[in-house]
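Colleague:
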Amino acid sequence: MTAVPYRLLRYQLPMLLTGARVVGHTVLNAIAPASRPPALDADGGARPAGARIAPVARVIDAPAADLVAQYIAWAGAVGGYEGELPPHMVSQWSLPLVGELLLRMPYKLTSVINQGVGLRMHGPLPRDTPLQVSAAVEQIEHTPGRIKVVVAVITGTAQQPSLVEARLHMSFLLQGPRPAKTAHARPDEPQWRTVGAWQADARDGLRFALLTGDFNPIHWCGPLARRSVFRSLVLHGFGSFVRSYEILRQQGVSFREIDVRFVKPVPLPCPALSVQIAPPGPDGWRAVRLAGPGDGAGDTTHLAGNLR
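This is the structure in structure tokens:
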């Protein structure tokens, strides 16, 4: 794997500043705990959140050519995206805006985890044009043991303001015992076909952090990662998504919309990961997953979702 240079840190200043604000928010909340979350709706379920948390919008400079080139190389897409930005690079420019929204929520920021991402592509993102980016909280859902949040990020240009839609799925884990898992009947297993494979080494978490600004230590700091719930270094969920996306694209799998959930983190290192798809259903959607070595009872599913 090609090294990702530390000089890319200079392009991550907005996210690093957001990270510093998160640390400050956490310290202040430890001293004077935030107020309780707003009351639930009568049914206790999901509800729109836009009226309570104002959206944020920015016009940002086009990502630097050096950063784009390094990002494309890490993603395994060398030779692709001539004059364009990879749509999944939204993980780099959207994080400061998403962080701004999270800071406005009355929840413990150190408890948030990424649970999935959806992308809908309406057109190519030009590489050397300023980007208009907006982020809004679409949904907050209170469930046993966690608060689920969906943030929509729209990226485009002054001429075409909606070229890529991303929906980021996150959860704030609540303190206390976890609810017992409900047993569900397992659906019939799709007829999986492996379209390609990739692998990750122990430094891929640091590489993706340098490319996106997401420096959560569970991805690059071994001692802290071993103290986490994962007990080892793990790759960013978005990083696993990016590498799998590019395998699909290079193998000629055509799609304009993809939606996946991060089922189980990819441990670092991980020598064998298979990107698999199923035949299309009547509605045109195809199941997709990222599978790794299992424990003897079958493969481990790291990502799972659909595309069309």
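Here UniProt numbering is used: position 3 in the sequence shown is 3, and no number is missing along the way.
Just so it is clear, CB atoms sit at the ideal spot from N, CA and C, and this is done for glycine as well.
Remember, it's a predicted structure, so these values are computed and weren't measured experimentally.
Sorted by chain position, which residues of the same chain lie with C-beta nearer than 6 Å to His88's C-beta, five sequence neighbours on each side aside?
Modeller: Val242 and Tyr245
Colleague: In terms of DSSP beta bridges, what is Met170 paired with?
Modeller: Asn114 and Val149
Colleague: If you measure between the beta carbons of Val150 and Gln139, is that distance less than 8 Å?
Modeller: yes
Colleague: How would you label Val4, buried or exposed, when you count the other beta carbons within 10 angstroms and need 16 or more for buried?
Modeller: Only buried fits Val4, as 16 or more other CB atoms lie within 10 angstroms of its CB.
Colleague: In whole angstroms, give me the CA-to-CA distance for Leu85 and Thr212.
Modeller: 14 Å
Colleague: For Gln159, which option in Gly19, Thr194, Val56 and Gly123 has the closest C-alpha, if you only look at C-alpha atoms?
Modeller: Gly123
Colleague: Between Arg308, Gly156 and Gly239, which lies nearest to Pro282 when the distance is taken from Cα to Cα?
Modeller: Arg308
Colleague: Which of the three DSSP states is assigned to Ile53 in this structure?
Modeller: In the displayed model, Ile53 falls within coil according to three-state DSSP, outside both helix and strand.
Colleague: So Pro223 is in the alpha helix (DSSP H); what residue range does that whole segment cover?
Modeller: Its alpha helix (DSSP H) spans residues Gly222 to Arg226.
Colleague: Is it the case that the Cβ atoms of Ala278 and Ala287 are separated by a distance below 8 Å?
Modeller: yes
Colleague: How many angstroms separate the CA atom of Leu290 from the CA atom of Gly284?
Modeller: Straight-line Cα distance between these residues: approximately 20 Å.
Colleague: Any idea if Ser254 is buried or exposed, counting beta-carbon neighbours within 10 angstroms, 16 or more meaning buried?
Modeller: exposed
Colleague: With Leu273 as the anchor, note down where its alpha helix (DSSP H) starts and where it stops.
Modeller: For Leu273, there is no enclosing alpha helix (DSSP H); the residue is part of the beta strand (DSSP E) that begins and ends at Cys270 to Ile277.
Colleague: Helix, strand or coil, according to DSSP, for Trp285 in the structure here?
Modeller: Under the three-state reduction of DSSP, Trp285 is assigned to coil, being neither helix nor strand.
Colleague: Which of the three DSSP states, helix, strand or coil, is assigned to residue 354?
Modeller: Because the chain in this structure spans residues 1 to 308, residue 354 falls outside the shown range and cannot be described.
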